[in-house]
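Participant: Dropping the structure in here first, questions after.
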């Protein structure tokens with residue numbers, strides 16, 4: 178986002194400040210330092226701005242520290258400034274000054290009272306990400322377990338190497354020797370953590386609510402010869418990203434340049450959308466059947482892989498997903514399944530019930546207590562698909578005109594936005610939300626599309642203010658806001674395409690559609706199948722490539738249709 182504002186939006190480095198509660202660059206990858214952490218999307222597509230920085234990833238699927246280093250490299254490349262260790266606590270639009278008033282708290286050290294700050298800014302840009310905060314199961318007894326001497330709790334999003342021993346570079350978890358470790362979760366994080374913990378712990382219990390599809394992870398070193406086949410021409414990264422998206426969506430006549438687990442999935446288009454047919458009311462069941470037919474051969478192949486990797490047929494059976502492959506995020510790892518062949522690694526299959534509570538000794542699951550020394554919560558993050566309001570991502574109120582909160586706008590019948598980036602009533606606020614935007618299995622091109630859009634909107638607003646003939650006009654007084662008519666028209670198009678995602682609400686709960694949201698959707702389906710508000714808040718059903726084409730066409734026109742600039 179900041180890079181595009183500087184390089185394409187013409188914003189001076191001195192006029193731009195990044196604020197983050199973290200202690201450095203990286204976003205999720207600043208926090209993700211657990212053993213085995215790596216990206217399971219190909220790094221040549223995932224790592225941002227490889228072509229611009231000239232960086233060559235060491236491996237096809239880079240580790241978390243390498244991803245974090247690339248984020249730091251981008252910041253140096255663009256000469257960015259940041260205020261780290263700082264949390265925004267309140268944001269309010271001031272009509273008189275045409276500025277956002279932002280209250281912050283800056284950390285001053287452990288046990289110290291945070292320093293309060295208040296600043297004014299012309300443009301407020303929220304970029305809290307898709308996974309803003311660690312998620313912990315809301316069960317009774319966690320503090321009881323933590324208060325017992327010798328008991329330890331670690332969340333994978335805040336891994337404490339002082340407790341486990343080792344480091345991210347050398348994950349020798351010597352403090353786990355002789356201990357019983359319980360791991361809650363079997364998603365993308367857990368499949369990376371389990372094999373590493375199993376190397377050191379005396380006993381490992383893996384608590385499974387829902388089994389995951391686990392595909393092969395085709396890791397390889399990046400040789401100079403191989404790199405030339407990947408990055409041999411200008412524009413290679415955007416082309417490769419688009420090719421991966423096309424392969425995931427199963428766009429006809431698309432050559433598979435990436436050829437990995439993601440590109441060879443069968444029906445993930447159910448989750449990310451696809452250009453073409455708009456699903457009408459009454460066509461949902463036929464649409465779901467078509468997706469399941471497309472998915473079945475791939476899902477059966479993944480289940481056969483479990484039989485090949487896991488020696489005990491009973492354990493293999495419990496590790497097999499029963500749901501369509503598009504219902505949950507697939508995972509890719511070469512050591513997770515085989516870890517259950519180790520005599521000290523035990524699968525605790527709760528058959529959808531999950532862990533019931535924490536105790537002084539460990540956890541309760543399947544009607545019995547499991548005694549633990551260490552509890553690892555591989556339970557992921559909150560996400561902005563469940564609640565797409567940017568307030569959720571920053572965890573602080575955002576008040577626009579008339580002191581209306583953004584959360585209220587996102588929950589009201591007059592909700593609307595333009596391209597998932599602008600909403601009426603909140604001038605000079607630009608954000609990134611999944612509501613109304615294109616979704617990609619590889620988040621980077623989706624985020625970059627938003628960043629280019631933001632840079633265009635800000636730069637055009639300042640340019641129009643500079644060229645205005647009004648004597649009182651000035652770039653410093655520029656105010657940009659989408660019209661109500663434009664956001665309603667765009668949100669109508671989003672709602673029109675939203676039934677593409679109808680099959681997901683028949684799935685098992687997952688990290689993007691939790692129990693409450695799925696129950697709410699099913700309840701609405703009984704009372705009002707065509708619930709307009711929920712469909713207006715959907716992702717763009719035409720998929721990321723269609724969304725990118727639409728945004729590119731809008732920006733190339735240059736007139737910012739539907740957006741009003743006041744000077």
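Residue numbers (the working numbering): 178 to 744. Even for Gly, the Cβ is constructed at its ideal location relative to N, Cα and C.
Excluding the 5 residues preceding and the 5 following residue 724 in the sequence, name in chain order all residues of the same chain whose CB lies nearer than 6 Å to its CB.
Facilitator: 615, 717, listed in sequence order.
Participant: Using the beta-carbon count (16 or more within 10 Å), is residue 235 buried or exposed?
Facilitator: Exposed is the call here.
Participant: Just grab the DSSP bridge partners of residue 259 for me.
Facilitator: Beta-bridge pairing links residue 259 to 195.
Participant: Spell out a yes or no on whether the region 384-396 and the region 490-497 are touching, meaning 3 or more CB-CB pairs, one atom from each, closer than 8 Å.
Facilitator: Enough Cβ pairs lie closer than 8 Å, so yes.
Participant: What are the boundary residues of the beta strand (DSSP E) that includes residue 547?
Facilitator: First-last of the beta strand (DSSP E) with residue 547: 545-548.
Participant: Beta-carbon within less than 7 Å of residue 306's beta-carbon, same chain only, minus the 5 sequence neighbours each way: which residues are those?
Facilitator: Correct list, in chain order: 204, 205, 570.
Participant: Measuring only the C-alpha atoms, how far is residue 446 from residue 288?
Facilitator: Cα to Cα, the separation comes out at about 48 Å.
Participant: Please work out which residues of its chain come closer than 6 Å, Cβ to Cβ, to residue 660, disregarding the five sequence neighbours upstream and downstream, and give them in chain order.
Facilitator: These residues qualify, in order along the chain: 739, 741.
Participant: What separation, rounded to the nearest whole angstrom, lies between the Cα atoms of residue 423 and residue 629?
Facilitator: The alpha-carbon atoms of residue 423 and residue 629 are separated by roughly 21 Å.
Participant: Would you mind listing the alpha helix (DSSP H) stretches within the region 209-291 that are 4+ residues and don't spill past its ends, in chain order?
Facilitator: Runs found: 220-223, 227-230, 241-254.
Participant: Grouping DSSP H, G and I as helix and E and B as strand, with all else coil, what is residue 341?
Facilitator: Of the three classes helix, strand and coil, the one that applies to residue 341 here is helix, per DSSP.
Participant: Are the region 415-422 and the region 622-642 in contact at 8 Å, needing three or more beta carbon pairs?
Facilitator: Contact holds: three or more Cβ-Cβ distances are below 8 Å.
Participant: Can you give me the C-alpha to C-alpha distance between residue 162 and residue 715, rounded to a whole angstrom?
Facilitator: One cannot answer for residue 162 here, as it falls past the ends of the chain, which runs 178 to 744.
Participant: Under three-state DSSP, which class holds residue 301?
Facilitator: Correct three-state label for residue 301: strand.
Participant: Below 8 Å between beta carbons: does that hold for residue 196 and residue 247?
Facilitator: Not a contact, by the Cβ cut-off of 8 Å.
Participant: Since residue 224 and residue 244 are thought to touch, with beta carbons under 8 Å apart, how far apart are those beta carbons, to the nearest angstrom?
Facilitator: Their Cβ separation, rounded to whole angstroms, is 6 Å, which keeps residue 224 and residue 244 in contact under 8 Å.
Participant: If you draw a straight line from the C-alpha of residue 333 to the C-alpha of residue 216, how long is it?
Facilitator: Roughly 15 Å between the two C-alpha positions.
Participant: My assumption, with CB atoms under 8 Å, is that residue 362 sits in contact with residue 555. Please give the rounded CB distance.
Facilitator: With a Cβ gap of about 3 Å, residue 362 and residue 555 count as contacting.
Participant: Under the three-state reduction of DSSP, which class applies to residue 311: helix, strand or coil?
Facilitator: Strand, per DSSP.
Participant: Could you please give the first and the last residue of the uninterrupted beta strand (DSSP E) stretch that includes residue 365?
Facilitator: No beta strand (DSSP E) holds residue 365; the alpha helix (DSSP H) holding it covers 365-375.
Participant: How big is the Cα-Cα spacing for residue 221 and residue 401?
Facilitator: Whole-angstrom Cα-Cα distance: 14 Å.
Participant: Could you check if residue 600 is buried or exposed, using at least 16 other CB atoms within 10 Å of its CB as the buried criterion?
Facilitator: Looking at its Cβ environment, which holds 16 or more other Cβ atoms inside 10 Å, residue 600 is buried.
Participant: Would you call the region 571-590 and the region 348-365 in contact, with 3 or more CB pairs under 8 Å?
Facilitator: The region 571-590 is not in contact with the region 348-365.
Participant: Give me the Cα-Cα distance between residue 180 and residue 408, rounded to the nearest whole angstrom.
Facilitator: The straight-line gap from Cα to Cα measures roughly 21 Å.
Participant: Kindly confirm or deny that the region 316-331 and the region 290-305 touch, where touching means at least three C-beta pairs closer than 8 Å.
Facilitator: Contact fails: fewer than three Cβ-Cβ distances are below 8 Å.
Participant: DSSP three-state label for residue 727, please.
Facilitator: It is helical.
Participant: Rounded C-beta distance between residue 533 and residue 316? I'm assuming under 8 Å.
Facilitator: Their Cβ separation, rounded to whole angstroms, is 7 Å, which keeps residue 533 and residue 316 in contact under 8 Å.
Participant: According to DSSP, is residue 706 helix, strand or coil?
Facilitator: A caution first: residue 706 carries a pLDDT of 43, below 50, which makes its placement in the model unreliable, though a value can still be read off. In the structure shown, residue 706 sits in coil (DSSP, three-state: anything other than H, G, I, E or B).
Participant: Ordered along the chain, which non-local residues of its own chain (more than five positions away) have a Cβ less than 6 Å from that of residue 606?
Facilitator: 301, listed in sequence order.
Participant: First and last residue of the alpha helix (DSSP H) that includes residue 588?
Facilitator: Unbroken alpha helix (DSSP H) run through residue 588: 583-588.
Participant: In angstroms, rounded to a whole number, what distance separates the CA positions of residue 525 and residue 502?
Facilitator: Taking the straight line joining both Cα atoms gives about 22 Å.
Participant: From which residue to which residue does the beta strand (DSSP E) around residue 554 run?
Facilitator: Residue 554 -> beta strand (DSSP E) spans 551-554.
Participant: Residue range of the beta strand (DSSP E) that residue 357 falls in?
Facilitator: First-last of the beta strand (DSSP E) with residue 357: 357-361.
Participant: Skipping 5 residues on each side, what residues in its chain have a beta carbon closer than 8 Å to that of residue 648?
Facilitator: At residue 648, the pLDDT of 49 sits below 50, so the modelled position is not reliable; the number obtained from the coordinates is stated separately. Correct list: empty, nothing qualifies.
Participant: Have a look at residue 291 and residue 282 and give me their C-alpha separation to the nearest angstrom.
Facilitator: For residue 291 and residue 282, the distance between alpha carbons rounds to 6 Å.
Participant: So, with DSSP's three-state summary, where would you put residue 539?
Facilitator: DSSP places residue 539 in strand when its eight states are reduced to three.
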